[in-house]
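Read the sequence shown against the UniProt record's numbering and you will find it ends at 296, with the numbers running on by one and no gaps.
We put the CB at the ideal spot given by N, CA and C, even for glycine.
From a predicted model like this one, the values you see are computed outputs, not experimental measurements.
Single-structure report; data block below.
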Amino acid sequence: MHRDHHTLLASAIVLATGVLWGVYWLPVRALGEMGLAGAWGTAAITAATMAILLPAAVRDRRQLARTPPVVLVSIALGGAAFALYSIGFLYGRVAIIILLWFLSPVWSTLIGRYLMGWPTPGLRIVAIVLGLAGLTIMLGADGTLPLPRGAGEWMSLIGGILWSFSTTGIRAKSTLTALPATFVFALGAAVTSLVLAPALEPLPTLTSPQVVTMTGLALLTGGLWWGLTLVGLMWAAVRLEPARVSILLMTEVLVGAVSAALFADETLTGVEMAGGALVLVAGVLEVLPARYLRAA
Numbered sequence: 001m002h003r004d005h006h007t008l009l010a011s012a013i014v015l016a017t018g019v020l021w022g023v024y025w026l027p028v029r030a031l032g033e034m035g036l037a038g039a040w041g042t043a044a045i046t047a048a049t050m051a052i053l054l055p056a057a058v059r060d061r062r063q064l065a066r067t068p069p070v071v072l073v074s075i076a077l078g079g080a081a082f083a084l085y086s087i088g089f090l091y092g093r094v095a096i097i098i099l100l101w102f103l104s105p106v107w108s109t110l111i112g113r114y115l116m117g118w119p120t121p122g123l124r125i126v127a128i129v130l131g132l133a134g135l136t137i138m139l140g141a142d143g144t145l146p147l148p149r150g151a152g153e154w155m156s157l158i159g160g161i162l163w164s165f166s167t168t169g170i171r172a173k174s175t176l177t178a179l180p181a182t183f184v185f186a187l188g189a190a191v192t193s194l195v196l197a198p199a200l201e202p203l204p205t206l207t208s209p210q211v212v213t214m215t216g217l218a219l220l221t222g223g224l225w226w227g228l229t230l231v232g233l234m235w236a237a238v239r240l241e242p243a244r245v246s247i248l249l250m251t252e253v254l255v256g257a258v259s260a261a262l263f264a265d266e267t268l269t270g271v272e273m274a275g276g277a278l279v280l281v282a283g284v285l286e287v288l289p290a291r292y293l294r295a296a
């Protein structure tokens, strides 16, 4: 009974995480409209996350000091990937940005096979083919070359690839607990955002009332999305099968597409939806072998 309760709670946390990240673009764009354009908004959000998690990082400083550098770099790289994803919402359509990110299981499989030497079940090869086919259809929906259009789509695609490298390194080496890991994650995102910010948009000039409002929104966004949901996801992921986690997180795509249609008047064409569906099917197929192998 106790185990069933934990499974139910973990499933609810993952589902809520998917729903919340489906509307993450709203505070990001709100900060952009307030004056924190480009990467400046993500820099503010991730700096706020670091401030919130700093006491936990100080408390667990010995654990951080004992952690191998490759683990810290892998986690920080994951933060850099999320920063690109976050910034991308200001330069592209929400649903496309999310779908490009959800190609990361395909990149993870390729990295695991060719760089780590991990076995690749046949079903995952099918997933790779479907994912790349979906990417081609989605990006070539208007009859042009199937390449990302605009900075936002490139950021999401590159971010997904970086995320795959990050998760591969974390899977192979990490024993760091959730709170200090999330602090390092936010640090990687903050550094990436601050490096990119001057290249994308000029330093904003803000008034005192704007600073107060932006600080409040950045703290809320950093605390809820980058802090609470990521710590909760790390807790839940070790208590659930990978297949269940991945499928529950796909609510992010649905919520993102619906919220963008309602609040930003952004819709996908039929061809783009078909390509996106293939990407999601590839994501499901990529994790199914792990489930069956565990059952065996």
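Q.
Using only the alpha-carbon positions, how far apart do residue 87 and residue 249 sit?
A. Walking along the sequence shown from the start, residue 87 turns up at place 87. Walking along the sequence shown from the start, residue 249 turns up at place 249. So the alpha carbons of these two residues sit roughly 20 Å apart.
Q. Between which two residues does the alpha helix (DSSP H) carrying residue 23 extend?
A. As a position in the sequence shown, residue 23 is number 23, starting the count at 1. Where residue 23 is concerned, there is no enclosing alpha helix (DSSP H), given that its DSSP letter is neither H nor E.
Q) In terms of alpha-carbon separation, which member of 69, 94 and 220 lies closest to residue 262? A) In the sequence shown, the residue the question calls residue 262 occupies position 262. Looking at the Cα atoms, 94 is the closest of the given residues.
Q. For residue 284 versus residue 137, is the C-beta distance shorter than 9 Å?
A. Residue 284 sits at position 284 when you count from the first residue of the sequence shown. Residue 137 sits at position 137 when you count from the first residue of the sequence shown. Not a contact, by the Cβ cut-off of 9 Å.
Q) For residue 201, which three-state DSSP category applies? A) The residue you call residue 201 lines up with position 201 of the sequence shown. Residue 201: coil per DSSP, three-state reduction.
Q | Reduced DSSP secondary structure (H/G/I, E/B, other) of residue 266 | A | What you label residue 266 is simply residue 266 of the sequence shown in a count that begins at 1. DSSP places residue 266 in coil when its eight states are reduced to three.
Q) For the segment 216-255, which segments carrying the alpha helix (DSSP H) assignment without a break, of at least 4 residues, lie completely within its bounds, in sequence order? A) 230-237 and 242-249
Q. Thinking C-beta only, is residue 204 closer than 9 Å to residue 36?
A. As a first step, residue 36 must be located in the sequence shown, where it is residue number 36. As a first step, residue 204 must be located in the sequence shown, where it is residue number 204. Yes. Within cutoff.
(Q) By alpha-carbon positions, which one of 188, 96 and 143 ends up nearest to residue 150? (A) To locate residue 150, count along the sequence shown from 1; it is residue 150. Taking only the C-alpha atoms, the option nearest residue 150 is 96.
Q. Could you give the uninterrupted runs of the alpha helix (DSSP H) lying entirely in the segment 25-110, keeping only those of 4 residues or more?
A. 25-34, 40-59, 61-66, 69-88 and 94-101
Q.
With a threshold of 6 Å on Cβ separation, who are the neighbours of residue 268 within its own chain once the five nearest residues in sequence on each side are excluded?
A. One-based indexing of the sequence shown puts residue 268 at position 268. Contacts found: 95.
Q. Could you give the residue range of the alpha helix (DSSP H) that holds residue 123?
A. Your numbering for residue 123 matches position 123 in the sequence shown. Note, residue 123: alpha helix (DSSP H), 122-139.
Q) CB-CB under 6 Å to residue 223, same chain, minus the five flanking residues each way: which ones, in chain order? A) Residue mapping note: residue 223 aligns to position 223 of the sequence shown, counting from 1. Cβ neighbours of residue 223 beyond the five flanking positions: 52.
Q | Cβ shell of residue 49 (< 6 Å), same chain only, five flanking positions each side left out | A | Along the sequence shown, read from residue 1 onward, the residue named residue 49 stands at position 49. So the list reads 186, 222, 226 and 227, once near-sequence residues are dropped.
Q) Taking the alpha-carbon positions, what's the residue 20 to residue 133 distance? A) If you number the sequence shown from 1, residue 20 lands on position 20. If you number the sequence shown from 1, residue 133 lands on position 133. Their Cα atoms are separated by approximately 28 Å.
Q. Residue 31 and residue 41 look like a contact to me (Cβ under 8 Å); what is the Cβ gap, rounded to whole Å?
A. To locate residue 31, count along the sequence shown from 1; it is residue 31. To locate residue 41, count along the sequence shown from 1; it is residue 41. The pair is a contact, with the Cβ atoms about 4 Å apart (cut-off 8 Å).
**Q.** For residue 163, the three-state DSSP class (helix, strand or coil)
**A.** Locating residue 163 in the sequence shown gives position 163, counting from the first residue. Helix, per DSSP.
(Q) Are the CB atoms of residue 240 and residue 178 within a distance shorter than 9 Å? (A) To locate residue 178, count along the sequence shown from 1; it is residue 178. To locate residue 240, count along the sequence shown from 1; it is residue 240. The answer is no: Cβ separation not under 9 Å.
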